[in-house]
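Visitor: I'd like to ask some things about the structure below.
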Amino acid sequence: MIQNNLTIILVAYKPKTELLKSLIYKFHNKYSIIISNNSEEKLKDFFYELKNVHVIDEKKNLGNGAGINSCLNHCETDYVLYLDIDVILDDENFKKLLNYTNQIKDFAVLVPNGQNIKSKDEISKRWDVEGSIMLINRKLIDNLVRFDENYFLYYEELDFFFNCIKNNKNVYFLSKVTFTHKRASSIQTVNDQQQEKLHLLRQWHLSWSNYYFHRKNFNKITAIKKNLPSLLKDAVKLFYFFFILDFKSFKVRFTRISGLVCSILNISSYKRL
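The numbering used here puts the first residue of the sequence shown at 19, with every later residue one more than the last.
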């Protein structure tokens with residue numbers, strides 16, 4: 019049974035202690051948990067003492083996809099449930115998710131519905147969905163599909179789903195299994211300045227990853243078409259905010275353009291806090 023053959027994996031970077039603790043408490047009495055700690059410093063001592071919890075101290079921020087790969091490399095069960103730290107999956111929907119493994123035998127990944135997507139199909143094959151929760155069949159992806167570590171943040175799960183499908187591994191979207199995602203709420207910040215830096219980091223990588231994903235999986239023309247409307251909008255807003263001396267908003271638009279330009283020029287996703 020999958021219940022006896024499942025590991026929970028998490029990727030943490032300077033996480034909010036109570037948020038991470040509450041998620042671990044939900045599962046650690048029944049399942050093994052592996053945490054990739056991408057922070058430069060260790061987590062609170064408390065986490066290293068918990069039953070069934072193994073923390074991998076990466077000692078530097080590898081990015082989310084690389085953190086997932088690290089957990090997969092340390093995993094010994096056939097099935098793996100990846101969770102973003104800021105998701106809420108209640109008991110009813112968790113049971114639904116596990117029950118689908120009895121119904122769908124050929125899945126590489128099962129993806130619940132975190133975007134309130136309306137679908138006439140209870141089960142559908144698709145790659146263009148949010149991957150903040152993923153139930154992975156490790157037997158089908160090992161040595162074939164892993165997360166592309168060129169991504170630091172954003173689009174790594176879409177790339178993973180897309181490449182599963184390219185390799186004839188089935189990704190199923192489960193419209194009836196729902197969860198809540200409190201986006202961009204997992205990292206502990208101490209002041210407004212740190213929060214602003216984090217927001218700018220996310221904007222840079224969102225632009226970088228968007229172009230990289232479409233260039234890698236389609237072609238340069240498709241990547242440019244997908245990003246051109248945002249680039250034009252950002253350019254207009256950039257001059258507007260400069261003209262009205264709104265330098266905080268100016269910085270956001272400049273950062274977004276910078277991330278896109280770096281991706282177009284094939285510069286790595288280097289930006290960090």
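For every residue, glycine included, the Cβ atom is placed at its ideal position computed from N, Cα and C.
Where does Ser40 sit, in a helix, a strand or coil, going by DSSP?
Guide: Three-state result, Ser40: helix.
Visitor: How big is the Cα-Cα spacing for Ile11 and Phe180?
Guide: Residue 11 lies beyond the stretch modelled for the chain, which goes from 19 to 291, so this question has no answer here.
Visitor: Tell me the DSSP bridge mates of Asp75?
Guide: In DSSP, Asp75 forms a bridge with Asn55.
Visitor: So Tyr169 and Gly83 are supposed to be a Cβ contact under 8 Å. How far apart are they, rounded?
Guide: Contact holds; Cβ gap of about 5 Å.
Visitor: What residue from Tyr43, Asp108 and His72 has the CA that sits closest to His92's CA?
Guide: Of Tyr43, Asp108 and His72, the residue nearest in Cα terms is His72.
Visitor: Should Phe227 and Tyr288 be called a contact, given that it needs their Cβ atoms to be closer than 8 Å?
Guide: Per the sequence presented here, residue 227 reads as Ser, with Phe not at that position. Cβ distance not < 8 Å, so Ser227 and Tyr288 don't count as in contact.
Visitor: Tell me which same chain residues have a C-beta within less than 8 Å of the C-beta of Phe265, skipping the five on either side of it?
Guide: Phe259, listed in sequence order.
Visitor: Looking only at C-alpha atoms, which of Arg233, Tyr190, Leu162 and Phe236 sits nearest to Ser137?
Guide: Closest by alpha carbon: Tyr190.
Visitor: Contact criterion: CB-CB distance below 8 Å. Does Phe231 meet it with respect to chain B?
Guide: The displayed structure is made up of one protein chain only, and chain B is not part of it.
Visitor: What is the DSSP secondary structure of Ser287, counted as helix, strand or coil?
Guide: Of the three classes helix, strand and coil, the one that applies to Ser287 here is coil, per DSSP.
Visitor: Identify the continuous alpha helix (DSSP H) that holds Asn155 and give its terminal residues.
Guide: Note, Asn155: premise wrong, no alpha helix (DSSP H); beta strand (DSSP E) at Ile151 to Asn155.
Visitor: From which residue to which residue does the beta strand (DSSP E) around Ile27 run?
Guide: Element bounds for Ile27: Leu24 to Ala30.
Visitor: Looking at Val29 and the ligand NAD, is the gap between the Cβ and the nearest heavy atom below 7 Å?
Guide: Among the components modelled here there is no ligand, and therefore nothing to report on the ligand NAD.
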